[in-house]
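Colleague: Below is the structure I would like to discuss, written out as structure tokens.
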Amino acid sequence: MPDATTGVAGPPLLEVDDVTMQFGGVTALDHISFEVRRGEILGLIGPNGAGKTTCFNVMTGVFQPTSGEVRLNGQKLVSRSRHQITRLGIARTFQNIRLFPEMTALENVQVGGDARHRTSVPGALLRLPRHRREERDGRTQAFELLDFMGIPHAANSLARNLPYGDQRRLEIARALATGPELLCLDEPAAGFNPAEKEELLALIRRIRDRGQTVLLIEHDMRLVMGVTDRIVVLEFGRKIADAAPAAVRADPKVVAAYLGVPEDAA
Amino acid sequence: MNSRIKRSLAVLPVALLVAGAMGACSNNGNGTTTASGKCDSKIAFFGALTGPNANLGINIYNGAKLAVDQYNAKNSNCKVTLVQKDSQGDEKQAPALAQNLVQDPKVVGVVGPAFSGESEAADGILEQGNLPLITASATNPTLAQKGWKVFHRMLGNDASQGPAAASYIKDTVKAKKVFVIDDTTAYGKGLADQVKKSLGGMVGGTDTVQPKQTDFQATVAKVKASKADAIFYGGYYAEAGPFVKQLRAANVNAKFVSDDGVKDPGFVAGAGKASAEGSVVTCPCIPGDEAKGTFFADYKKKFGKEPGTYGPEAFDSANVFLDGIKAGKTSRAAMLSFVNSYDKDGVTKHIKFDKNGEIAKSEIVIWSYQIKGGEIVKDTEIKATS
Amino acid sequence: MNFEFLFANIGDLTVTGLSQGAIYALIALGYTLVYGLLKLINFAHSEVFMMGTFGALFAWQLVGLHENNPIPSVPMMIVYLLVGLVGAAVWSGVTALAVEFVAYRPLRRRNAPRLVFLITAIGASLAISEAVGIATGRQQFGMPDLFKTTTLVTIGDAHITNLDLGVIVAAIVMMVVLDQFINRTRLGRGIRAVAQDSDTAALMGINKNRVIVLTFVLGGVMAGAAALLYNLKIGVTRADIGFLLGIKAFTAAVLGGIGNLRGALLGGLALGLVENYGSALFGTSWRDVVAFAVLVIILMFRPTGLLGESLGKARA
Chain A
1 MPDATTGVAG PPLLEVDDVT MQFGGVTALD HISFEVRRGE ILGLIGPNGA GKTTCFNVMT
61 GVFQPTSGEV RLNGQKLVSR SRHQITRLGI ARTFQNIRLF PEMTALENVQ VGGDARHRTS
121 VPGALLRLPR HRREERDGRT QAFELLDFMG IPHAANSLAR NLPYGDQRRL EIARALATGP
181 ELLCLDEPAA GFNPAEKEEL LALIRRIRDR GQTVLLIEHD MRLVMGVTDR IVVLEFGRKI
241 ADAAPAAVRA DPKVVAAYLG VPEDAA
Chain B
1 MNSRIKRSLA VLPVALLVAG AMGACSNNGN GTTTASGKCD SKIAFFGALT GPNANLGINI
61 YNGAKLAVDQ YNAKNSNCKV TLVQKDSQGD EKQAPALAQN LVQDPKVVGV VGPAFSGESE
121 AADGILEQGN LPLITASATN PTLAQKGWKV FHRMLGNDAS QGPAAASYIK DTVKAKKVFV
181 IDDTTAYGKG LADQVKKSLG GMVGGTDTVQ PKQTDFQATV AKVKASKADA IFYGGYYAEA
241 GPFVKQLRAA NVNAKFVSDD GVKDPGFVAG AGKASAEGSV VTCPCIPGDE AKGTFFADYK
301 KKFGKEPGTY GPEAFDSANV FLDGIKAGKT SRAAMLSFVN SYDKDGVTKH IKFDKNGEIA
361 KSEIVIWSYQ IKGGEIVKDT EIKATS
Chain C
1 MNFEFLFANI GDLTVTGLSQ GAIYALIALG YTLVYGLLKL INFAHSEVFM MGTFGALFAW
61 QLVGLHENNP IPSVPMMIVY LLVGLVGAAV WSGVTALAVE FVAYRPLRRR NAPRLVFLIT
121 AIGASLAISE AVGIATGRQQ FGMPDLFKTT TLVTIGDAHI TNLDLGVIVA AIVMMVVLDQ
181 FINRTRLGRG IRAVAQDSDT AALMGINKNR VIVLTFVLGG VMAGAAALLY NLKIGVTRAD
241 IGFLLGIKAF TAAVLGGIGN LRGALLGGLA LGLVENYGSA LFGTSWRDVV AFAVLVIILM
301 FRPTGLLGES LGKARA
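Chains as they are written, first to last, in full-length UniProt numbering: chain A, 1 to 266; chain B, 1 to 386; chain C, 1 to 316.
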């Protein structure tokens with residue numbers, strides 16, 4: 001495998017090691033290997049059906065891969081349950097928004113933070129001091145994250161009543177609340193206008209600057225090229241490139257497979 | 001591979017069962033039930049041994065058991081088996097159990113069925129099997145009017161208990177206004193109807209409850225609003241217990257009068273000692289210590305407690321069949337004519353059945369009992385007024 | 001139709017109807033919680049309640065309180081009430097957990113279709129009820145009297161007894177505590193999150209199986225509280241009491257909007273009142289007919305019940 005060299009290469013945080021995912025006779029991922037390095041923003045791109053979201057699902061425990069392994073900080077993730085993987089430090093958003101519609105924005109973010117709390121059931125029923133403290137801290141943290149994402153005004157609205165853009169931001173806030181080392185964003189800019197996309201770019205950089213590593217699935221090439229440190233390109237479940245944005249843009253295989261058409265359209 | 005063998009093995013017992021059942025049926029069909037040999041005759045108990053009203057059935061079973069054990073002790077070379085059929089007091093279970101008894105040609109007599117509801121469901125089947133029965137407790141009058149030749153009753157029916165309860169309410173309680181409740185069963189409704197007829201204009205309201213009901217506040221509200229000073233309840237103790245508890249909780253202090261179905265410690269348990277206090281039950285059964293002979297002492301010695309409701313009547317019922325077996329009546333037809341012509345003293349009364357299978361009118365006794373300090377104690381013998 | 005009787009006794013009928021309804025409501029919570037979370041009608045919940053009535057009885061017998069004991073002093077009464085509550089809640093909670101672990105979890109692991117869960121639920125209900133029936137000889141057991149029932153206040157023609165008032169207040173307090181727990185705590189948020197989208201909840205770090213266990217326990221504890229109140233109010237129990245009460249409570253849950261906690265309270269109280277008013281108007285034997293007729297009519301106009309379905313929408 002050709003290794004890309006970039007300026008911000010830290011030690012590997014997440015390793016996807018020879019993962020194959022088959023659904024019946026269809027091979028969605030075909031011996032995929034790549035790594036996400038600590039502190040970088042990695043783009044994961046490819047045409048529709050290339051296997052990007054499947055890759056996310058394998059990493060976060062939604063699917064069990066047919067073969068291969070995924071490691072976070074050297075710890076194996078395959079066959080762990082979803083909530084354990086989240087607690088180990090991977091958080092994600094969804095291509096089609098999946099908030100808890102009947103909770104307020106604040107509560108949505110609190111749910112993300114709850115995973116790290118320790119209150120027992122009797123403790124919560126009796127409202128012991130630790131429970132009260134954790135609830136208070138959780139609220140404070142949730143308010144901070146809503147503020148960070150630029151939607152403090154939405155705190156007490158039900159998630160389903162929020163405008164589309166705020167829902168996307170809320171999903172990111174909820175994912176951040178779980179305290180991840182790796183944040184996986186699945187097409188976070190879908191449906192955004194150019195001004196909103198600019199804001200989002202700035203936000204992703206700020207998330208990285210907070211010390212979190214970001215893995216980004218995105219269709220919009222300008223967005224990907226502008227923000228990522230490195231890009232992995234998938235096509236029909238195979239990895240066809242893994243390099244810095246400039247190098248990927250110049251790669252004839254990538255251009256042929258993917259960039260050619262959408263580059264013109266974009 | 002071996003699944004086929006398994007399947008045929010599984011069918012085998014069923015086939016045997018069917019064959020056996022058919023054999024038994026054809027026997028009965030010919031009316032020539034032949035008991036092979038003289039010393040393997042059985043009599044059966046039919047009634048609730050488990051279920052909410054099981055105490056009543058257990059008393060009867062114990063009475064019959066005492067009779068059979070005494071017989072076997074005296075006739076150790078020719079013992080009689082007492083078969084038990086637990087109906088749980090549920091009329092839906094009764095037909096299958098009756099069928100079961102009919103199919104065993106060794107069974108020549110049935111003590112039971114215990115309750116009127118299950119009697120209605122089972123007696124017709126026993127009639128088809130020509131299997132004589134003597135109930136020690138089912139008191140619905142209509143049971144004797146269905147043309148069942150095998151039916152006999154060791155005690156007075158509700159046509160005598162009802163008027164007796166009514167005269168107790170009139171003469172002893174001296175009530176002005178009576179609220180009458182029944183539980184919709186053949187027994188409870190039958191008895192309550194008799195009481196209503198005898199009370200006439202004194203009935204100040206009526207209501208029904210359902211078997212297995214536990215929440216009676218609507219009925220309690222009606223009793224309360226009626227301002228009745230006495231209540232007659234036709235039914236069993238399982239419902240009467242919580243009903244009286246809820247009645248007293250609502251501060252209704254009308255005298256509670258009920259029937260033999262309520263004459264059981266289970267009533268006191270359900271109502272609570274305080275709420276049950278002073279309640280009265282009537283019963284066409286005699287108190288255990290009023291039985292003649294050594295019955296009371298024998299029973300106490302065997303079971304470690306005093307005989308319960310219908311214990312003496314069950315003892316007498318079983319003894320009628322045992323006398324028949326002793327006299328060599330080991331076929332059902334012979335047993336039936338033996339029972340029909342029976343004319344002898346038992347521990348409860350002189351036993352002689354009329355053509356409907358009822359005990360002679362002059363022999364009917366009705367007693368009242370009262371709850372005192374959590375115990376059911378005998379009160380007085382009520383003279384049947386009709 | 002006996003309007004005269006209904007109006008003359010409307011106060012008493014209302015009080016006793018509310019107290020019976022409060023018991024329905026507490027049982028209904030168990031149906032509603034599990035349905036809201038798993039879209040599963042846990043028919044075995046009726047037996048969870050039944051076990052609670054025996055749990056309180058055993059706990060009392062263990063501390064030497066028997067059915068014919070004299071009425072205890074006030075401090076002892078409070079002790080006995082707590083003992084009974086603990087006994088009932090533990091037995092009900094353990095039963096609810098056993099049902100989840102033995103009957104439902106293995107099916108969930110195999111992704112069984114919903115119909116299989118329903119049959120299993122009915123099977124579990126029958127199995128528990130019959131097992132207890134055999135173990136107890138299907139006998140009826142009486143309860144000790146913990147206090148003398150007296151009328152506390154009379155408002156108009158309504159005589160409010162300490163028993164009815166206690167039952168209603170206790171049930172409402174339990175409901176408020178549960179409502180606060182679901183709406184204001186981390187664990188409650190977890191339950192709502194799983195109810196709304198269990199896959200996403202797992203990806204947000206929520207352990208779904210723990211949430212399910214917690215929900216069964218909560219439903220069990222509420223059924224245990226209902227069982228204690230039932231013991232005090234009705235005064236007898238036996239192995240088959242769960243069936244009718246369960247059907248009524250399930251009806252209450254549907255009436256209020258199954259999956260909705262406040263709906264369970266409203267549905268339970270409404271059912272208790274309708275039963276009482278119906279029996280007054282048409283006669284006691286029409287009680288269940290009236291209750292179910294009202295259910296059908298309400299569902300015709302509000303197919304999702306009075307307050308609508310959704311555990312997530314627990315807030316009014």
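Built from N, CA and C at the ideal position, the CB exists for glycine as well. As the structure is a computational prediction, the values presented were derived from the model and not from experiment.
Can you have a look at GLY268/C and say buried or exposed, based on whether 16 or more other CB atoms are within 10 angstroms of its CB?
Modeller: On the third sequence, residue 268/C is found 268 positions in, with the first residue counted as 1. Buried.
Colleague: For VAL262/B, which residues in the same chain have their Cβ closer than 6 Å to its Cβ, ignoring the five residues on either side in sequence?
Modeller: Residue 262/B sits at position 262 when you count from the first residue of the second sequence. Taken in chain order, the residues that qualify are TYR237, ALA240 and VAL281.
Colleague: What do you get for ALA256/A, buried or exposed, if any count of 16 or more other CB atoms within 10 angstroms of its CB means buried?
Modeller: Taking the first residue of the first sequence as 1, we reach residue 256/A at position 256. So ALA256/A ends up on the exposed side.
Colleague: Three or more C-beta pairs under 8 Å: does that hold for the segment 175 to 192 of chain B against the segment 197 to 215 of chain C?
Modeller: Output reads no: the segment 197 to 215 of chain C does not touch the segment 175 to 192 of chain B.
Colleague: For ALA89/C, which residues from the same chain have a beta carbon less than 6 Å from its beta carbon, with the 5 sequence-adjacent residues on both sides left out?
Modeller: The count along the third sequence starts at 1 and reaches residue 89/C at position 89. Taken in chain order, the residues that qualify are VAL221 and GLY224.
Colleague: Residues of chain A with a CB under 9 Å from the CB of ARG192/C: which are they?
Modeller: As a first step, residue 192/C must be located in the third sequence, where it is residue number 192. Here the neighbours are PHE100, GLU102, MET103, GLU107 and VAL111.
Colleague: For TYR164/A, count the other beta carbons within 10 Å of its own beta carbon; 16 or more makes it buried, fewer makes it exposed. Which is it?
Modeller: Here residue 164/A is taken as the residue at index 164 of the first sequence, counted from 1. TYR164/A comes out exposed.
Colleague: Any beta carbon from chain C within less than 8 Å of residue 421/B's own beta carbon?
Modeller: With chain B covering 1 to 386 only, the question about residue 421/B has no answer from this structure.
Colleague: Taking only the alpha-carbon atoms, compute the straight-line gap between LEU232/C and GLY142/C and give it to the nearest angstrom.
Modeller: Taking the third sequence and counting its residues from 1, one reaches residue 232/C at position 232. Taking the third sequence and counting its residues from 1, one reaches residue 142/C at position 142. Taking the straight line joining both Cα atoms gives about 10 Å.
Colleague: Of all the options ARG287/C, ALA127/C and LEU265/C, which has the alpha carbon lying nearest to the alpha carbon of GLY21/C?
Modeller: Along the third sequence, read from residue 1 onward, the residue named residue 21/C stands at position 21. For GLY21/C, the nearest C-alpha among the options comes from LEU265/C.
Colleague: Please state the DSSP three-state secondary structure of LEU6/C.
Modeller: Start at 1 with the first residue of the third sequence, and residue 6/C comes out as number 6. Reduced to three states, the DSSP call for LEU6/C is helix.
Colleague: My output table needs one value for TRP148/B: the three-state DSSP class, helix, strand or coil.
Modeller: For the purposes of this step, residue 148/B is taken as the residue at position 148 of the second sequence. Here TRP148/B sits in coil by DSSP.
Colleague: Closer than 7 Å, Cβ to Cβ, to anything on chain C: give me those residues from the segment 69 to 81 of chain B, in chain order.
Modeller: Under the 7 Å Cβ criterion, the segment 69 to 81 of chain B contributes no residue.
Colleague: Starting from ASP158/B, trace the beta strand (DSSP E) in both directions and tell me its first and last residue.
Modeller: As a first step, residue 158/B must be located in the second sequence, where it is residue number 158. It is not in any beta strand (DSSP E) - ASP158/B instead sits in the alpha helix (DSSP H) that spans 158 to 167.
Colleague: DSSP on CYS55/A, reduced to helix/strand/coil?
Modeller: The residue you call residue 55/A lines up with position 55 of the first sequence. Reduced to three states, the DSSP call for CYS55/A is helix.
Colleague: Looking at the secondary structure, which residues open and close the alpha helix (DSSP H) in which GLY136/C lies?
Modeller: Position 136 of the third sequence, counted from the start, is the residue given in the question as residue 136/C. Note on identity: in this sequence residue 136/C is Thr, with Gly being the wrong assignment. Run containing THR136/C: none; DSSP gives neither H nor E here.
Colleague: Could you tell me whether any Cβ in chain A is nearer than 8 Å to the Cβ of MET1/C?
Modeller: Numbered from 1 along the third sequence, position 1 holds the residue referred to as residue 1/C. For MET1/C, the answer is no, since every Cβ of chain A falls outside 8 Å of its Cβ.
Colleague: Would you list the residues sitting across from PRO12/A in a DSSP beta bridge?
Modeller: Against the first sequence, residue 12/A aligns to sequence position 12. Answer is ARG37/A.
Colleague: For LYS355/B, which option in TYR342/B, THR348/B and LYS349/B has the closest C-alpha, if you only look at C-alpha atoms?
Modeller: Numbered from 1 along the second sequence, position 355 holds the residue referred to as residue 355/B. Taking only the C-alpha atoms, the option nearest LYS355/B is TYR342/B.
Colleague: Using the beta-carbon of each residue, which ones in chain C are nearer than 8 Å to GLY270/B?
Modeller: For the purposes of this step, residue 270/B is identified with residue 270 of the second sequence, where counting begins at 1. Here the neighbours are GLN140, GLY142, GLY235 and VAL236.
Colleague: Can you check whether the C-beta of LEU57/C is within less than 8 Å of a C-beta belonging to chain B?
Modeller: Sequence index remark: in the third sequence, residue 57/C carries index 57 (1-based). Cβ-Cβ to chain B under 8 Å: no for LEU57/C.
Colleague: What residue from LEU165/C, ASP145/C, LEU146/C and TYR31/C has the CA that sits closest to LEU152/C's CA?
Modeller: The residue labelled residue 152/C in the question sits at position 152 within the third sequence. Ranking the options by Cα distance to LEU152/C, first place goes to LEU165/C.
Colleague: Quick check on DSSP: helix, strand or coil for ALA254/B?
Modeller: Taking the first residue of the second sequence as 1, we reach residue 254/B at position 254. It is coil, neither helix nor strand.
Colleague: At a CB-CB cut-off below 9 Å, which residues of chain C make contact with ASN251/B?
Modeller: As a working mapping, residue 251/B is identified with position 251 in the second sequence. Those are THR149, THR150, THR151, HIS159 and THR161, listed as they occur along chain C.
Colleague: Taking the continuous beta strand (DSSP E) assigned at residue 413/B, which residues delimit it?
Modeller: Outside the shown range of chain B, which is 1 to 386, sits residue 413/B, and nothing can be said about it.
Colleague: Contact criterion: CB-CB distance below 8 Å. Does THR86/A meet it with respect to chain C?
Modeller: As a first step, residue 86/A must be located in the first sequence, where it is residue number 86. Cβ-Cβ to chain C under 8 Å: yes for THR86/A.
Colleague: Which whole-angstrom value is the C-beta distance of GLU313/B and SER137/B, which I expect to be below 8 Å?
Modeller: Within the second sequence, numbered from 1, the residue matching residue 313/B stands at position 313. Within the second sequence, numbered from 1, the residue matching residue 137/B stands at position 137. So it is a contact: roughly 7 Å between Cβ atoms.
Colleague: List the endpoints of the continuous beta strand (DSSP E) containing THR294/B.
Modeller: Translated into the one-based positions of the second sequence, residue 294/B becomes position 294. From DSSP, THR294/B is part of no beta strand (DSSP E); its letter is neither H nor E.
Colleague: With TYR277/C as the anchor, note down where its alpha helix (DSSP H) starts and where it stops.
Modeller: Position 277 of the third sequence, counted from the first residue, corresponds to residue 277/C. First-last of the alpha helix (DSSP H) with TYR277/C: 261 to 282.
Colleague: Compute the beta-carbon to beta-carbon distance between TYR61/B and GLY51/B, rounded to the nearest angstrom, for a pair I have assumed lies under 8 Å.
Modeller: By 1-based counting over the second sequence, the position of residue 61/B is 61. By 1-based counting over the second sequence, the position of residue 51/B is 51. Going by Cβ atoms, the distance from TYR61/B to GLY51/B rounds to 13 Å, so no, they are not a contact pair.
Colleague: According to the neighbour-count rule (16 or more other Cβ atoms, all chains shown, within 10 Å of its Cβ), is VAL19/A buried or exposed?
Modeller: As a working note, residue 19/A is residue 19 in the first sequence. Burial call: buried.
Colleague: The segment 128 to 147 of chain A: which residues have C-beta closer than 9 Å to a C-beta of chain C, in chain order?
Modeller: Within the segment 128 to 147 of chain A, the residues whose Cβ lies closer than 9 Å to some Cβ of chain C are HIS131, GLU134, GLU135 and GLY138, listed in chain order.
Colleague: Could you check which residue in SER275/B, ALA291/B, GLN210/B and LYS106/B has the C-alpha nearest to that of residue 393/B?
Modeller: The requested residue 393/B is not part of the displayed model; chain B covers only 1 to 386.
Colleague: Using 8 Å as the cut-off, can you tell me whether the segment 5 to 17 of chain C makes contact with the segment 183 to 200 of chain C, which would need three or more C-beta pairs spanning the two stretches below that distance?
Modeller: The segment 5 to 17 of chain C is not in contact with the segment 183 to 200 of chain C.
Colleague: By DSSP, does VAL80/B sit in helix, in strand, or in coil?
Modeller: Stepping through the second sequence from its first residue, residue 80/B is reached at position 80. It is coil, neither helix nor strand.
Colleague: Which same chain residues end up closer than 6 Å to THR380/B when comparing Cβ atoms and leaving out the 5 residues on each side of it in sequence?
Modeller: Working through the second sequence from its first residue, we reach residue 380/B at position 380. Counting only Cβ-Cβ distances below 6 Å, and skipping sequence neighbours, we find SER368.
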